[in-house]
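J.: Chains A and B, in that order, are what the protein sequence lines are.
Counting from -3, one number per residue, gives the positions in the first sequence under my numbering.
Counting from 124, one number per residue, gives the positions in the second sequence under my numbering.
Glycine included, each C-beta is placed from N, C-alpha and C at the ideal position.
None of the values given here were measured: they were computed from a predicted structure.
This is the structure I want to talk about, given as structure tokens.
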Amino acid sequence: MKILALAQLTVLDAVRKKIFIVFLLLLASLASSAFFLPVVQASDRIKLVDSISLGWTTFFGMLIAIFLSAFGIPEEVGDRRAFTILTKPVRSHEFVLGKWIGYITVIGGIVLVTWLSTILSIWLLHPHDSIPKARQMVGAQSMDIPSLSLPDEEDSSDQAPQAQSIRQTLGKRPDLHLLDRNHPTAFWSFDNLDPSTIPEGESIGRLKIALLKTLRTHVEVVRTRLRYIHPTSGRQSTQELEFHTFGGQHQQEIELLCPRRFISNDGRLTVALDRLDPHFDLLVQTKSIGIYLSAESHAWNLGKAFLGSFLMLVLIISLTVFASTTLSGPVSVLVGLTGFIIGHCVTLMQTLARQVRHGEMTLERAFRQLLEKADQGHDHAHSSSGHEGHDHGTNYLADLLDGIATWIPDFTRFRLTDTVTNGVSIPAELLWQLTGTCVAYSAAALLLGIFFFAWSDVERTEGPWWHIIRFLRTRRSSR
Amino acid sequence: MKNSDKLAIRTQNLQKKYRDFWGRDKVQALQNLSIEVRSGEIFGLLGPNGSGKTTTIKILLGLVFPTSGQVHVLGQSPRSVQAKARIGYLPEESYLYRFLNAEETLDFYGRLFRIPRRERRRRAAELIDMVGLAHARKQPLREFSKGMSRRIGLAQALINDPELILLDEPTSGMDPVGTREVKDLILRLRDQNKTVLLCSHLLADVEEVCNEIAILKTGILEVSGPVDELLAVRDEIEIRLRRTENQTNESVRQAIESTGHEVLEIKHPRVSLEELFVSIVEKNTSEKSEPISSENPESKS
């Protein structure tokens, strides 16, 4: 009851702030801007609306979450409104939890309203039946790339520099495989497919491959072939693929046009991909091919993506509330923003740590790349090349990067915009994983915050920091 | 044991040092403060600015931790929620949520004591009437004058029907009528056997309502004890007579002087300016049959 009373008060306090209304209006205007952009197809407009709504909700939600939670407790203590609460029979954890629940209610409300207004907008602008459904996707159980012994058909000295760079990266990415002249075909095996849930007469799945130019030859069209193989009878159906390309490396996505009869009665299917063009290798993974299962409504799938964003914002709130129990408002804002940025660089840090360990990266370059990539907001750094040697700091740097990447949750996993705009259903397991991550990290941050808040007095005249400072001073004087 | 023998507040050798960012001692707010406040007593804590009054109150409420020394409030640690459930506190300024109205404010604080909804509403209505804010019960606090804010602050301090009430400058910003009402309220609380710790700059107020006082200076307890004892002029005696004629006055003077004592002064006693003001305002108010309220909305805090 006390926690709920405090949460209710926090919500009322937040929604009556002018800055909150300004943020909301800005969010609404930016989210609706997608409707005024010129697009050809309705599906493109829907993708655009989804992408912009989710993007701006995450961005503004992050700002609102950080500013609300960073200034909430310090402001109340500073203007002494907290005094009238803390002199009542309210425990420290009730105060902090009440504030936290209030903030996540506010953010939850924003996310909910944006989701509802997005699906309402899509529904109003397009007939309901023209909105594509989100399809669940199941990956292959196994992938096999048999090696062949072929005579040399290319001069290795003629290889393009991009190919060399990718081959170096491949050595450290066991999940990536190359279909080259020695391994021209990959086989994917699926089990436990239920043919009744697989669409007939339309795409049954999706192939995602990267094309890698291996020769310094001008090629405009790259040819490959997909084969659907009935696992029992061995019957095959082929699908020729042509990619128009002008550069050295391309990511491509292709819909799988496989008749349903190639799925055996016991739910098995084999798919093969053949490299046909000697100028290009194909980069594949086990999860390169996914088979669609039953579809679900776009609105619900979009809701899952909004839930992902909400969980990320809850993490940010928890981190900022933890900081605000001990630090001032502006410093807590910095902590929240830093957490947000570092959370988006976890994959990058893991990649950098790997490169540093393999001697491909020096201390200086790693930092430079980290800063550049952080600015761009991207999370991959596969394009490094060349050995520049070790220095003494590299191992420490690699440990540091790995350490941070281990302890900080990867925020990019919470951003599901691409999945939604690609029309792929977000699996429930992923949402459970994200919820688990969110709960675990939030609980840790809140426990620490409550501990610091309870151990310090409201004017920060006594508390853990003073105990630490006194301890350090005692040690220094004893020396 | 009589109720008055019980100690509502007990501090022993209380010390408080404020430090700078690096943990170095900056201000010694309290030095070896030892006070005892008995239950049912109105205790005045006096001192100039920076003497440690507010720090003492914050320590008694568990808001600030003492650097050393012991504190017991209602027999418990000041940080215990059981003790806090029996305490009411009016801070120096009314630090309240300005977007709530008077009823919502009392309802919110009532919820922090887990008071059932019906009881909360009843108490809120009663307290709003008692502090003279019946006409402003739905008005947001941001529209309140300073005096009205003090009144609602006082009401929130009493929402839990506390045993011990700590009032930090309860009459600041109030007009004389409001001040009189607050003092009457404090006296009523004493009649209900509540303990009140009053911290005020207005010495006349303290003198009028307190049984005991303690005077602090730069964090050190300079003097403490019953008001009557501390204020008594030991080498003089005051005799008050009702409706005497000049002749009677003269007879009394001669009678006293015949015993060898010197009569210093014989005169009519004066009412205080506050009593005069209140009697005039209350007379006018009762003639116009208006409710007790008094604050000038123009003088908002």
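For Asn224 of chain B, which residues does DSSP report across the bridge?
T.: Its beta-bridge partners are B:Pro263.
J.: My assumption, with CB atoms under 8 angstroms, is that Thr294 of chain B sits in contact with Ser268 of chain B. Please give the rounded CB distance.
T.: Actually they are not in contact, since the Cβ atoms of Thr294 of chain B and Ser268 of chain B sit about 14 angstroms apart, beyond 8 angstroms.
J.: Looking only at its own chain, which residues have a Cβ that is under 6 angstroms from the Cβ of Asp176 of chain A, when we skip the five neighbours before and after it?
T.: Here the set comprises Asp277.
J.: What are the start and end residues of each continuous alpha helix (DSSP H) run of 4 or more residues lying completely inside the stretch 172 to 238 of chain B, in chain order?
T.: Within the stretch 172 to 238 of chain B, the complete alpha helix (DSSP H) runs of at least 4 residues are 176 to 183, 204 to 207 and 225 to 235.
J.: Output yes if chain B places a C-beta closer than 8 angstroms to the C-beta of Met58 of chain A; else output no.
T.: Taking Cβ atoms only, chain B never reaches closer than 8 angstroms to Met58 of chain A, which makes this a no.
J.: According to DSSP, Ile389 of chain B sits in a beta bridge with which residue or residues?
T.: According to DSSP, Ile389 of chain B bridges with nothing at all.
J.: State the beta-bridge partners of Cys322 of chain B as determined by DSSP.
T.: According to DSSP, Cys322 of chain B bridges with B:Leu168 and B:Asp291.
J.: Return the chain-ordered list of same chain residues with a C-beta closer than 6 angstroms to the C-beta of Met308 of chain A, the five sequence neighbours on each side being excluded.
T.: Phe407 and Phe410.
J.: Do the CB positions of Lys340 of chain B and Gly167 of chain B come within less than 8 angstroms of each other?
T.: Not in contact: Lys340 of chain B and Gly167 of chain B (Cβ atoms no closer than 8 angstroms).
J.: Rounded to whole angstroms, what is the Cα-Cα separation between Glu159 of chain B and Gln262 of chain B?
T.: Between Glu159 of chain B and Gln262 of chain B, the C-alpha separation is close to 40 angstroms.
J.: With a floor of 3 residues, list each beta strand (DSSP E) that falls wholly inside the stretch 235 to 262 of chain A, ordered by position along the chain.
T.: Entirely contained in the stretch 235 to 262 of chain A, the beta strand (DSSP E) runs reaching 3 residues are, in chain order, 245 to 252.
J.: When you compare the stretch 313 to 320 of chain A with the stretch 59 to 75 of chain A, are there three or more beta-carbon pairs, one atom per stretch, that lie closer than 8 angstroms?
T.: Flag = yes, the stretch 313 to 320 of chain A and the stretch 59 to 75 of chain A touch.
J.: Does the distance from the C-beta atom of Ala152 of chain B to that of Gly175 of chain B stay below 8 angstroms?
T.: It is a contact, given that the beta carbons lie within the stated cut-off.
J.: Output, in chain order, the set of chain A residues within a Cβ distance shorter than 7 angstroms of Lys176 of chain B.
T.: Simply none; closest approach about 15 angstroms.
J.: Hey, out of A:Thr234, A:Phe239 and A:Gly201, whose CA is closest to Val217 of chain A's CA?
T.: It is A:Phe239 whose Cα lies nearest to the Cα of Val217 of chain A.
J.: Are any of the Cβ atoms in chain B nearer than 8 angstroms to that of Lys84 of chain A?
T.: Yes, because at least one Cβ of chain B sits closer than 8 angstroms to the Cβ of Lys84 of chain A.
J.: Do we get a CB-CB distance below 8 angstroms when we pair Leu499 of chain A with the residues of chain B?
T.: No answer is possible for residue 499 of chain A: the residues shown for chain A start at -3 and end at 475.
J.: Counting only beta-carbon atoms, is Gln279 of chain B nearer than 8 angstroms to chain A?
T.: It does: the Cβ of Gln279 of chain B has a partner Cβ on chain A nearer than 8 angstroms.
J.: Check the Cβ-Cβ distances between Ile498 of chain A and every residue of chain B, and say whether any is below 8 angstroms.
T.: Residue 498 of chain A falls outside the range modelled here, since chain A spans only -3 to 475, and no answer is possible.
J.: Over what stretch of residues does the beta strand (DSSP E) that includes Met489 of chain A continue unbroken?
T.: Summary: the structure shown does not reach residue 489 of chain A, with chain A confined to residues -3 through 475, and so no result is reported for it.
J.: Under 6 angstroms Cβ to Cβ from Thr413 of chain A, same chain only, skipping five residues before and after it: list those, please.
T.: Cβ within range, chain order: Ser47 and Leu50.
J.: Work out the CA separation of Lys84 of chain A and Gln4 of chain A for me, nearest whole Å.
T.: Their backbone Cα atoms lie some 17 angstroms apart in a straight line.
J.: Whose C-beta lies closer than 7 angstroms to the C-beta of Val350 of chain B among residues of the same chain, with five residues either side of it excluded?
T.: Glu330, Cys333, Asn334, Glu335 and Ile336.
J.: Given that a residue counts as buried once 16 or more other Cβ atoms are within 10 Å of its Cβ, and exposed if not, what is Ser452 of chain A?
T.: Buried, because 16 or more other Cβ atoms sit within 10 Å of the Cβ of Ser452 of chain A.
J.: With DSSP as the reference, label Gly385 of chain A as helix, strand or coil.
T.: Interpretation of Gly385 of chain A is limited by its pLDDT of 45, a score under 50 that renders its predicted location unreliable; the figure taken from the coordinates is listed afterwards. Of the three classes helix, strand and coil, the one that applies to Gly385 of chain A here is coil, per DSSP.
J.: For the putative contact between Pro191 of chain A and Arg256 of chain A, defined by C-beta atoms under 8 angstroms, what is the C-beta separation to the nearest angstrom?
T.: At roughly 5 angstroms, the Cβ-Cβ gap stays under 8 angstroms, so Pro191 of chain A and Arg256 of chain A are in contact.
J.: When the Cβ atoms of the stretch 193 to 203 of chain B are set against those of the stretch 67 to 79 of chain A, are three or more pairs found closer than 8 angstroms?
T.: No, because fewer than three Cβ pairs between the stretch 193 to 203 of chain B and the stretch 67 to 79 of chain A fall closer than 8 angstroms, the two stretches do not touch.
J.: Determine, for Ala225 of chain B, whether the minimum Cβ-Cβ distance to residues of chain A falls below 8 angstroms.
T.: Chain A contact via Cβ: absent.
J.: Measuring only the C-alpha atoms, how far is Tyr111 of chain B from Leu8 of chain A?
T.: Since the displayed chain B opens at 124 and closes at 424, residue 111 of chain B lies outside it and no answer follows.
J.: What residue does the alpha helix (DSSP H) around Val356 of chain B start on, and which one ends it?
T.: Counting along the chain, Val356 of chain B falls outside any alpha helix (DSSP H), and DSSP gives it neither H nor E.
J.: Following the continuous alpha helix (DSSP H) through Lys(-2) of chain A, name the residue where it begins and the one where it ends.
T.: Here the alpha helix (DSSP H) through Lys(-2) of chain A covers Lys(-2) to Val11.
J.: Indicate whether at least one CB of chain B lies closer than 8 angstroms to the CB of Glu71 of chain A.
T.: No, Glu71 of chain A lies away from the interface with chain B (no Cβ there is under 8 angstroms from its Cβ).
J.: Return the residues of the stretch 86 to 120 of chain A that lie within a Cβ-Cβ distance of less than 7 angstroms from chain B, sorted by chain order.
T.: From the stretch 86 to 120 of chain A, only Val86 and Arg87 have a Cβ closer than 7 angstroms to chain B.
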